[in-house]
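Notes to accompany the following structure.
Numbering (this note's numbering), first residue to last: 79 to 157.
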């Protein structure tokens, strides 16, 4: 089974679009501190309804909020 690493990219998306955190927070009806902490979440735990609201507010899919990389398995003998 493949494993994946998800890296949040909300800050980059907002910067590219010239949108302030408070603007998307208001549009998504989510507290601004949640938006502020989004990319810094070290536990990788996100509320699916918040993800949906943010993505909808930006006219994106939820998966667009992340960079997704497949984690390669180490082969025997690899260091």
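Using N, Cα and C, we set each Cβ at its ideal position, and we do this for glycine too.
With 16 other Cβ atoms within 10 Å as the buried cut-off, status of residue i
| i | result |
| --- | --- |
| residue 173 | Only positions 79 to 157 of the chain appear in the structure, and residue 173 is not among them; the question remains open. |
| residue 88 | buried |
| residue 143 | buried |
| residue 113 | buried |
Pair within 8 angstroms by beta-carbon distance, residue i and residue j
| i | j | result |
| --- | --- | --- |
| residue 146 | residue 84 | yes |
| residue 82 | residue 141 | no |
Inset, instruction - May I have a chain-ordered list of the alpha helix (DSSP H) segments no shorter than 4 residues that lie completely inside the segment 82 to 151? - result: 88 to 95, 99 to 106, 110 to 115, 126 to 135
Inset, instruction - Determine contact between the segment 92 to 108 and the segment 144 to 153, defined as no fewer than three beta-carbon pairs at a distance below 8 angstroms. - result: no
Inset, instruction - Tell me, please, whether the segment 126 to 141 touches the segment 101 to 118 by the rule of three or more beta-carbon pairs shorter than 8 angstroms. - result: yes
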